[in-house]
Amino acid sequence: MKKTKKLDTNVNIDDKLYLNRLKPDDRSHLSIKDADVCANNCLRKDCTLFCPAGVYKWSDNRIAINYEGCLECGACRIACPHENIEWQYPRGGFGIQFRLA
Amino acid sequence: MPEKFDAIVVGAGVAGLAATYKMVTEGLSVAVIERGDYPGAKNVMGGVLYRHSMDNLMPEFWKEAPLQRPVVDQRYWLMDDRSAVNMSYKSQEWTQEPYNCYTVFRGQFDKWFADKCIEAGALIINETLVESCLLEEGKVIGVRTGRPEGDIYANVVILADGVNSLLSKELGFHKEWQPRQVALAVMEELKLPSEVIEERFNLEPGMGATIEIYGDSTLGSMVGNGFIYTNKEHISIGVGALLSQLRDMGIKPYELLEYLKNHPMVRTLIKDAEPVEYYAHLIPEGGYYSIPKIVGDGVLVAGDAAQLVNGVHREGSNLATTSGRLAGEAVVYAHKAGDFFAETLSLYEENLQNSYVIKDLKKYKDAAHVLETNPQFLKQYIPGTNMALHEMFTVDGKSKKEKQKLALQKILSGDSLYSLGKDIYKAWKAMK
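Here the protein sequences come in this chain order: A and B. According to my numbering, the first sequence is numbered sequentially starting from 2. According to my numbering, the second sequence is numbered sequentially starting from 892.
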């Protein structure tokens, strides 16, 4: 059986998000429930990897949330290993507005 | 706005709109609440819409609906890192009305579908989030929206709020989905002139093709697949895998997509195409075992919110349309009976059980699990088949008998013929 390969691509997610029409609210629909859990209990900071919009970044010893680029898929709510992400829909009319799909 | 409707539908996707269309054409007053700017603004689909279930609701809809291309060529690739074994079925029969399935843009299709509902009497309320269901003695009697004075009442509420159905979770109809019950898919829309698409995909003008790609598209390690669909002047390209596996392998989904786009088997198809939009979406792939409670007092659940997706056959929008229509029919029945409690509304569940929707999901109830727990199907047999064919087609002086032996060795990659037989039996059992 072959060993699992490593991806050696390097994509700038901002270039992709730039294609989309986003109507960001002035308040975030995403938040971290307990910052200590991210800092102390979560070694790999999974949300910084699997989020398809790169919303979560680890900086200054905390998770920074760029909620403006969120594609509202719901992955972070379900896949955070510590169930530490508070996930709401953005208010009506705000957030991503797809044209095609 | 009237104070009370016969029914409220949450979500203007194909499930919600199918339910709405059914109900308004039977004379019921229906309000549809959609959180996007317009119906379709929040919706993402891989891109194949089957005619049959929509036709059942609105005969010959395809004569006026905004569709991209009828799909006449359906291809499957078993892909290794530098090669692919292709299998396809192309039919002349699918080049004419009434087509089998189409690629569509949901941003256009859902808007059109919603307009048909409006023409038939529905009220569509856009840019409005439903925050919770309103309950009275355990019965759903309406919804609370994010608007000022935003409570709206109805005899019955249909939740068609998609894979992230916070509303049905709040009602206790299901627990939070587990990461292995959903697939995370990312997709890009690439712009390319229609003649170029037709030339590259070997298509008559206006006709379309789909490619489902297994193996290296998910690095041979994750349950999921890549896909390429042709639209009029765009190509949809994407990849999806179980969220649990993406997370556990620490893979950035957009890097996986980029890997697929740069794959030697793929890059020639999308050369010089300009990316115009980028998407991410969860697909409820839990199958039969994950179907939540779908009927309660004054409430029904349809479409993705009810986990009605057949991952094996990449069907979802048709299951959504059918479940929406059946939910709508049950509400019409309840309306005539003047009773909206679960017992009466359970006609929906009964009809869904007897339809292809639940029958198909039941048939494949173990398919995803078998793939997940038997990684050799993706990791060993797909590269093995590629190498075996490579061996067979390479002329290098070895005798054909020797070639045949080598090919089999590559497929087995060290295992016995017995273990291959066992795996074939396992696969057959999961799909039978």
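Ideal placement from N, C-alpha and C gives every residue a C-beta, glycine not left out. Just so we're clear, the structure is a prediction, and the values are computed from it rather than from any experiment.
Open item on the list: If we require 4 or more residues per run, which alpha helix (DSSP H) segments fall completely within the region 1033 to 1069 of chain B?
Closed with: Counting whole runs of 4 or more residues, the region 1033 to 1069 of chain B contains the alpha helix (DSSP H) stretches 1057 to 1061.
Task: Chain-ordered residues of the region 926 to 957 of chain B with a beta carbon less than 9 Å from chain A - done: Listed by position, the residues of the region 926 to 957 of chain B near chain A (Cβ gap below 9 Å) are R926, G927, D928, Y929, G931, A932, K933, N934, V935, M936 and G938.
Task: Amino acids of chain A, ordered along the chain, whose beta-carbon sits closer than 7 Å to that of Y1169 of chain B - done: Going along chain A in sequence order, the residues near Y1169 of chain B (Cβ under 7 Å) are K17, L18, L20 and N21.
- [ ] Leaving out five residues on either side along the sequence, give the residues of the same chain with a beta carbon under 8 Å from the beta carbon of E1220 of chain B.
- [x] The beta carbon of E1220 of chain B lies closer than 8 Å to those of K913, L1238, Y1239 and N1242 in the same chain, with the five residues before and after it left out.
- [ ] My understanding is that I1126 of chain B touches L1094 of chain B, with C-beta atoms under 8 Å, so please give their C-beta distance in whole angstroms.
- [x] I1126 of chain B to L1094 of chain B, Cβ: 12 Å. No contact.
- [ ] Would you please state the rounded distance, in angstroms, between the beta carbons of R1158 of chain B and A909 of chain B? I believe it to be under 8 Å.
- [x] Incorrect: roughly 38 Å between the Cβ atoms, too far for contact.
Open item on the list: Against chain B, with Cβ distances strictly below 9 Å, would K3 of chain A count as a contact?
Closed with: The pLDDT assigned to K3 of chain A is 46, lower than 50, so where the model puts this residue is not dependable, and the model offers no usable value.
Open item on the list: Spatial neighbours of M2 of chain A within its chain, please: C-beta separation below 7 Å, excluding the five flanking residues on both sides.
Closed with: Low per-residue confidence applies at M2 of chain A: pLDDT is 43, beneath 50, and the placement is therefore not dependable enough to give any value.
TODO: Return the CA-CA distance between K1256 of chain B and L1083 of chain B, expressed in angstroms with no decimal places.
DONE: For K1256 of chain B and L1083 of chain B, the distance between alpha carbons rounds to 39 Å.
Open item on the list: Based on DSSP bridge pairs, tell me the residues matched to E1293 of chain B.
Closed with: Secondary-structure assignment with DSSP links E1293 of chain B through no beta bridge to anything.
Task: Helix, strand or coil at S1181 of chain B [DSSP, three-state] - done: Three-state result, S1181 of chain B: helix.
TODO: Compare the Cα-Cα distances from N21 of chain A to each of B:E1022, B:A1193, B:P1166 and B:E1176 and report the closest residue.
DONE: Comparing Cα positions, the closest option is B:P1166.
TODO: Show which residues of chain A have a CB atom less than 9 Å away from the CB atom of N1153 of chain B.
DONE: Identification of chain A residues near N1153 of chain B by a Cβ-Cβ cut-off of 9 Å yields T10, ordered along the chain.
Task: Validate contact between the region 90 to 99 of chain A and the region 67 to 77 of chain A using beta carbons, cut 8 Å, 3 pairs - done: The answer is yes - the region 67 to 77 of chain A touches the region 90 to 99 of chain A, with three or more Cβ pairs under 8 Å.
TODO: Quick one: residues in its chain with C-beta nearer than 6 Å to the C-beta of W985 of chain B, no 5 flanking neighbours on either side, listed in chain order?
DONE: Same-chain partners within the cutoff: V963 and N991.
Open item on the list: With a threshold of 9 Å between beta-carbons, can Y912 of chain B be considered close to chain A, or not?
Closed with: It does not; no Cβ of chain A falls within 9 Å.
- [ ] Just confirm the distance between the C-beta atoms of V901 of chain B and A1051 of chain B, as a whole number of angstroms; I'd bet it's less than 8 Å.
- [x] Confirmed, about 6 Å.
Open item on the list: Please state the DSSP three-state secondary structure of L1081 of chain B.
Closed with: It is a strand residue.
Open item on the list: Please confirm whether W59 of chain A has its beta-carbon closer than 9 Å to some beta-carbon of chain B.
Closed with: No, W59 of chain A lies away from the interface with chain B (no Cβ there is under 9 Å from its Cβ).
- [ ] Return no unless some Cβ of chain B is closer than 9 Å to the Cβ of Y1 of chain A.
- [x] The structure shown does not extend to residue 1 of chain A, since chain A spans only 2 to 102, so no value can be given for it.
TODO: Starting from the beta carbon of P53 of chain A, find every residue of chain B whose beta carbon is closer than 7 Å, and list them in chain order.
DONE: Within chain B, the residues near P53 of chain A are L1075, V1077, P1144, Y1145 and A1171.
- [ ] Verify the CB distance criterion: does L50 of chain A have a CB-CB separation below 9 Å to chain B?
- [x] With a threshold of 9 Å between beta carbons, L50 of chain A makes contact with chain B.
Task: Cβ-based neighbour list, Q1136 of chain B, same chain, cut-off 6 Å, excluding 5 preceding and 5 following - done: Closer than 6 Å at Cβ, skipping near neighbours: M1113.
TODO: Determine the contact status of Q965 of chain B and K954 of chain B, defining contact as a CB-CB distance below 9 Å.
DONE: Not closer than 9 Å, so no.
TODO: Could you tell me which residues DSSP puts in a beta bridge with L1133 of chain B?
DONE: Paired residue(s): B:A1074.
- [ ] Check whether the Cβ of Q1069 of chain B lies closer than 9 Å to any Cβ atom in chain A.
- [x] Yes - at least one Cβ of chain A is within 9 Å of the one on Q1069 of chain B.
Task: Uninterrupted beta strand (DSSP E) stretches inside the region 973 to 1010 of chain B (no shorter than 3 residues) - done: Annotation: the region 973 to 1010 of chain B contains the following complete segments of the beta strand (DSSP E) (minimum length 3 residues), in chain order: 975 to 981 and 992 to 994.
Open item on the list: Check whether chain B comes within 9 Å of E73 of chain A, counting only Cβ atoms and requiring the distance to be less than that.
Closed with: Chain B contact via Cβ: present.
- [ ] Taking C-beta pairs closer than 8 Å, name the residues in chain A that Y1150 of chain B reaches, listed in chain order.
- [x] Simply L8 and T10.
TODO: For N1277 of chain B, name the three-state secondary structure that DSSP assigns.
DONE: N1277 of chain B falls in the helix class under three-state DSSP.
TODO: Name the two residues that bound the continuous beta strand (DSSP E) containing I1161 of chain B.
DONE: Secondary structure note for I1161 of chain B: it is in no beta strand (DSSP E), with a DSSP letter that is neither H nor E.
Open item on the list: I'd like to know if the region 1274 to 1283 of chain B and the region 1300 to 1318 of chain B are in contact, where contact means that at least 3 CB-CB pairs between them fall below 8 Å.
Closed with: The region 1274 to 1283 of chain B, when compared against the region 1300 to 1318 of chain B, does touch it at the 8 Å Cβ threshold.
Open item on the list: Applying the 10 Å Cβ sphere with the 16-neighbour rule, what's the burial state of P1096 of chain B?
Closed with: Exposed.
TODO: Identify whether M2 of chain A lies in helix, strand or coil by the three-state DSSP scheme.
DONE: Any reading at M2 of chain A must be qualified, since the residue scores a pLDDT of 43, below 50, and its modelled position is unreliable; the value itself is stated next. Correct three-state label for M2 of chain A: coil.
Open item on the list: Is there a C-beta anywhere in chain A that falls below 9 Å from the one on Q1198 of chain B?
Closed with: Under the Cβ distance rule, Q1198 of chain B does not count among the residues neighbouring chain A, no pair being separated by less than 9 Å.
TODO: Determine, using beta carbons only, whether G1202 of chain B comes closer than 9 Å to chain A.
DONE: No, no contact with chain A.
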